[in-house]
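Following: one structure in structure tokens, then a few remarks.
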Amino acid sequence: MDIDLFVQNFADQFDDTDPDEIKAETAFHDLDEYSSLIALSIIAMVDEEYDVQLKGDDMRAAVTVEDLFNIVQSKIA
Amino acid sequence: MLTIPRVAVRGMAACVPRFTEETRDIEFYATPEEAAKVEETTGVVRKHIVKDSGVTGVDLCIRAAERLLDDLGWERESIDLIVNVTQTSDYINHPNVFIAHERLGLKKECMSLDIYHGCPGWVVGMMSASSLLSHGAMHRCLLLDGDNISSIQWKMDHESRPLFGDCGTATALEYDDNACPLFFDTGTNSEDGKALIHEPGGYRNPYTLESLRQELDLRSGKLAPEESGMDGMSVFSFGISVPPKSIKRLCEAHNLDLADIDKLVLHQANLFMVQKIAKKLKVEEQRVPISLGEYGNVTSATIPLTIVSQCADEYRTKSMKTVACGFGTGLSWATVYMETTGLIIPDVIIY
């Protein structure tokens, strides 16, 4: 799994946030645009791109984009 | 996976309470834009709710069943089996099926079965009822399915309040040597079940004075919940991943091509989820009826309500191949493939 591609897929779920603002170390819950709907879009992206079923607790536990990447990776392995 | 021969679906009816709640009128939205955004994502413009009328899910089911029996021309004495699916029983200790049996005036020899189930419930009920009928000893069945889920809702819960409406339905099934077989796929992810659980007030955690007061305050809206009563993200994740796999598995097992299906009727969880599932299965929206706009998510009754309210004319006049899938509570899912011809379907009844 490629972290850069994951970050890009993650950033694609936002409409108004500058993609450059979203990096592996970004604490995504603090982004202005982050909402429950964006969270659902991220869950759907992870399902489509990685065939991984995230849970609400996974989304809540992850602080940075990289944290979420690690959770997804652990579910693939 | 289960194949049930010799059982035909003959008709369906749905009944909703007359009161409606518009999404835009929900008091916790700060601006009309916020309400519009919720409307767009959930697809729910309004839903019918029992409000404080005293009407319950079983009242709605009975009204639907009475009309359906009349339209079918079925004598009450001809019903050998009644199955009721609900999670809002009128009483703690008297399953709704007995209330329905009594009020419909069914005969003493009629078997009564109550199934406690949430969103997959209609398909689970179809599976149970048709399985019993297929032996040939019982010929006619009424499957009732409905809830008054709005009555036990937390008024200030932002996740559930805009979504859930009330409805009661009746489906008529009959033993028939020439019926096309019904195909089912069902399963259970119980380890994720806590995503849709309500603990206080049951026999494990009976109400204390304090927890009862809190529950009543949550229901009246005096108290806002710290977090939603459901884990919407987990349910969403389950909903977009597991049901499409179940539908594909069912089709593969029986050499069915989704391109040949007339309708894919999905549990109306919310618009975002229904559209995601349909897109994943590559079924265009014309074949995926949606009833969320007028009725919201009516839990296990969504599948029959969607057929009755959105495509009754087609089901009345044509032979239809349908794949329907319910999912949620459990977490669990149930998918059915059925072929029907000339169903008897009264228009949606307003109670």
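If you read the sequences in order, they're chains C and V.
In case it helps, this note's numbering puts the first sequence at residues 7 to 83.
In case it helps, this note's numbering puts the second sequence at residues 185 to 535.
The beta carbon of each residue, even a glycine, is placed where N, CA and C say it ideally should be.
Please read these numbers as outputs of a predicted model, since none were measured by experiment.
Listed along chain C are Lys61, Gly62, each with a C-beta nearer than 8 Å to that of alanine 379 of chain V.
Listed along chain V are Met417, each with a C-beta nearer than 8 Å to that of alanine 45 of chain C. By the C-beta density criterion, leucine 396 of chain V is exposed, having fewer than 16 other C-beta atoms within 10 angstroms.
Note that the C-beta distance between proline 346 of chain V and valine 228 of chain V is below 7 Å. Flagged as an interface residue toward chain V: isoleucine 49 of chain C, by a C-beta distance shorter than 7 Å. Secondary structure of histidine 285 of chain V (DSSP, three-state): helix. By the Cβ-count criterion, histidine 285 of chain V is buried, with 16 or more other Cβ atoms from all chains shown falling within 10 Å of its own Cβ. In the DSSP assignment, serine 296 of chain V falls within the beta strand (DSSP E) that extends over 295–300.
Here the region 452–468 of chain V does not lie against the region 209–219 of chain V, with fewer than 3 beta-carbon pairs under 8 Å apart.
Using a 10 angstroms sphere on the CB of glutamine 494 of chain V, the tally of other CB atoms reaches 16 or more, which defines it as buried.
In this structure, glycine 512 of chain V keeps its C-beta atom at 7 Å or more from the C-beta atom of valine 307 of chain V. Annotation: the continuous beta strand (DSSP E) that includes asparagine 268 of chain V extends over 265–270. As the crow flies, the alpha-carbon of histidine 278 of chain V is around 20 Å from that of alanine 249 of chain V. Scanning its chain for C-beta atoms nearer than 6 Å, with the 5 sequence neighbours on each side dropped, one finds around threonine 525 of chain V the residues Ser503, in chain order. Beta-bridge pairing by DSSP links glutamate 206 of chain V to V:Arg230. A Cβ-Cβ separation of about 6 Å places leucine 489 of chain V in contact with tyrosine 479 of chain V under the 8 Å criterion. Residue burial annotation: serine 80 of chain C is exposed, with fewer than 16 other C-beta atoms found within 10 angstroms of its C-beta. For serine 237 of chain V, the three-state secondary structure derived from DSSP is coil. When DSSP states are grouped into helix, strand and coil, tyrosine 499 of chain V belongs to the helix group. Here the alpha carbons of alanine 67 of chain C and tyrosine 300 of chain V stand approximately 33 Å from one another. By the rule that beta-carbons nearer than 7 Å mark a contact, threonine 225 of chain V touches chain C. When the alpha-carbon of leucine 326 of chain V is set against those of V:Glu410, V:Glu375, V:Ser404, V:Met196, the nearest one is in V:Met196.
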